[in-house]
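Residue numbers (the numbering used here): 1 to 489. The beta carbon of each residue, even a glycine, is placed where N, CA and C say it ideally should be. Note that the structure is a prediction, hence the values are computed from the model and not measured. Following: one structure in structure tokens, then a few remarks.
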Ligand SMILES: [Zn+2]
């Protein structure tokens, strides 16, 4: 690196840190503005410098669902053993660089969302940040249209893959139960260490897949001997591609009403000490659904791979699991709570975003596991539709709702187009009893009020409110609106 280049990087670091200080005084843009300033002055080449300031390095977490929860739990675990900087709900390099500007810490933990290759720059980000870990939660089809362009699933998977492609050292962490992340891992095994995590529990997803799952190697249909959650399970293909034995797994799940107990077991490679670590211990966790079991397992795998104190693993995981409650879930995510309806009857409401087929299905499964019985005959579903051109997401949603078979589906537009919502409703009502509320996107308050009213006036004991919707604003307001029905009792 030439002298002028290194001066440029230093200047950028100073300006970035200064703006980090300034944004602390204000609010709002603090998560990405300092990074933006840094990149304006310093250019991309300087980011490697920042990343080298971390003693162990950077770990980037990506996937379709569960990124934020996984990042938060990973940060909670690692912060007990070492000094870290972290950033969640970030989709840009600016946000990651803002995190890196913290300076003197051992590890950086960053969530990075990738929708497609055009809008994200996964391989550039990987080259700039030079991570020692890339972590995959899962890959499901979503956002089949991004910024008005078709985004085929193959391109979407390829974009996720590109985030770890430039890595020549460190660990790639993949979900063994998800054939797509396993595929990324199998190819990556050629040049780095790959760690797989997976479930080994009795609980089974008996509802049909939301669509055929193709072998990522040869495009034939995959055959499942067991499914834990939609396309995640034990699979194989005639070409020889199959679910690998996980290095770290959760076994012996016993589910109580509020708390679950599960065994953490396996042999995992620890990067800072360059050693293999054997683990076998029980933990108690909140009863938060199979999807969160995956998030927890992914976080534990990441933590165990990168903690500089592997001797602490059992103690730290137990401590953190005692602290975890549902408040760790991001505001839009699915939560279950009690409300009183108009007749002062108790009603159990499951509410939160499920903007792709996999997420909506996880929400339904969580509700069923929580109640512990078949709820179809006493359930109303308030379905927030996808937008125009998102037919594939709708198909996935529909198949999950059909397998739930609720007594009624109230259809409301989840995104901008009311006409698209009406079209989806016309298809949906051929399979399920349904009605339609053409509420406009512009009048969001009215949309929220109507949904709350539907919850309050429904004669059914269980309500599921899910589907698409503008991330946190709508779900946050809707939840607080519905929870006020709790208190008014
Ligand atoms: Zn195959």
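Residue i to residue j span [Cα, whole Å]
i: residue 400; j: residue 177; result: 20 Å
i: residue 224; j: residue 122; result: 31 Å
i: residue 256; j: residue 368; result: 14 Å
i: residue 111; j: residue 422; result: 35 Å
i: residue 312; j: residue 81; result: 8 Å
i: residue 418; j: residue 475; result: 19 Å
i: residue 463; j: residue 17; result: 48 Å
i: residue 26; j: residue 33; result: A caution first: residue 26 carries a pLDDT of 48, below 50, which makes its placement in the model too unreliable to give a value.
i: residue 287; j: residue 452; result: 26 Å
i: residue 344; j: residue 425; result: 31 Å
i: residue 141; j: residue 155; result: 11 Å
i: residue 228; j: residue 166; result: 32 Å
i: residue 253; j: residue 202; result: 7 Å
i: residue 101; j: residue 124; result: 19 Å
i: residue 211; j: residue 160; result: 20 Å
i: residue 328; j: residue 158; result: 30 Å
i: residue 200; j: residue 282; result: 14 Å
i: residue 258; j: residue 427; result: 38 Å
i: residue 370; j: residue 65; result: 20 Å
i: residue 233; j: residue 289; result: 15 Å
i: residue 381; j: residue 46; result: 51 Å
i: residue 348; j: residue 35; result: 43 Å
i: residue 491; j: residue 63; result: Summary: the structure shown does not reach residue 491, with the chain confined to residues 1 through 489, and so no result is reported for it.
i: residue 86; j: residue 98; result: 9 Å
i: residue 411; j: residue 206; result: 26 Å
i: residue 79; j: residue 309; result: 11 Å
i: residue 407; j: residue 433; result: 7 Å
i: residue 191; j: residue 168; result: 6 Å
i: residue 153; j: residue 8; result: 40 Å
i: residue 321; j: residue 284; result: 7 Å
i: residue 315; j: residue 75; result: 16 Å
i: residue 445; j: residue 472; result: 14 Å
Neighbourhood of residue i by C-beta, 6 Å cutoff - its chain only, sequence neighbours within 5 removed
i: residue 280; result: 265
i: residue 360; result: 354, 397, 400, 466
i: residue 57; result: 132
i: residue 15; result: 37, 41
i: residue 218; result: 239
i: residue 213; result: 222, 231
Closer than 7 Å: residue i CB and nearest ligand 1 heavy atom
i: residue 298; result: no
i: residue 9; result: no
i: residue 220; result: yes
i: residue 153; result: no
i: residue 241; result: yes
i: residue 321; result: no
i: residue 46; result: no
i: residue 217; result: yes
i: residue 237; result: yes
Sequence-distant residues of the same chain with beta carbon closer than 7 Å to residue i, five excluded per side
i: residue 416; result: 387, 441
i: residue 181; result: 136, 138, 139, 174, 175
i: residue 238; result: 220
i: residue 305; result: 133, 171, 173, 195, 268, 269, 270, 271
i: residue 244; result: 176, 182, 196
i: residue 477; result: 448
i: residue 342; result: 456, 457
i: residue 127; result: 166
i: residue 188; result: 164, 172, 194
Own chain residues within Cβ distance below 8 Å of residue i, not counting five before or after
i: residue 83; result: 104, 105, 106, 107
i: residue 469; result: 332, 353, 355, 384, 414, 415, 475
i: residue 295; result: 66, 69, 70, 73, 137
i: residue 53; result: 100, 103, 104
i: residue 335; result: 326, 329, 350, 351, 352, 479
i: residue 276; result: 267, 268, 269, 270
i: residue 236; result: 222, 223, 225, 242, 243
Beta carbon proximity, residue i to chain C, threshold 8 Å
i: residue 394; result: Although the question refers to chain C, the structure presented lacks it and comprises just one protein chain.
Residue i beta carbon near ligand 3 (any heavy atom closer than 7 Å)
i: residue 396; result: With respect to ligand 3, the structure offers nothing, as its ligand set consists of ligand 1.
Continuous alpha helix (DSSP H) assignments of at least 4 residues falling wholly in the segment 274 to 331: 290 to 306, 313 to 323
At least three beta-carbon pairs within less than 8 Å, the segment 90 to 109 to the segment 349 to 368: Because the criterion of three Cβ pairs below 8 Å is not met, the segment 90 to 109 and the segment 349 to 368 do not touch.
Segments of 4+ residues assigned as alpha helix (DSSP H) that fall wholly inside the segment 55 to 113: 67 to 81, 93 to 100
Stretch pair the segment 243 to 252 + the segment 428 to 441: three plus CB contacts closer than 8 Å: no
Ordered list of alpha helix (DSSP H) runs contained in the segment 426 to 480, each at least 4 residues: 444 to 457
Cβ contact (3+ pairs, closer than 8 Å) linking the segment 70 to 78 and the segment 283 to 302: yes
Residue ranges of each beta strand (DSSP E) within the segment 210 to 261, 3 or longer: 223 to 229, 232 to 236, 248 to 255
Beta strand (DSSP E) segments (min. 3 residues) lying fully within the segment 151 to 204: Within the segment 151 to 204, the runs of beta strand (DSSP E) that reach at least 3 residues and sit entirely inside it are, in chain order, 171 to 175, 193 to 200.
Every unbroken alpha helix (DSSP H) inside the segment 359 to 427 [4 residues or more]: 391 to 404
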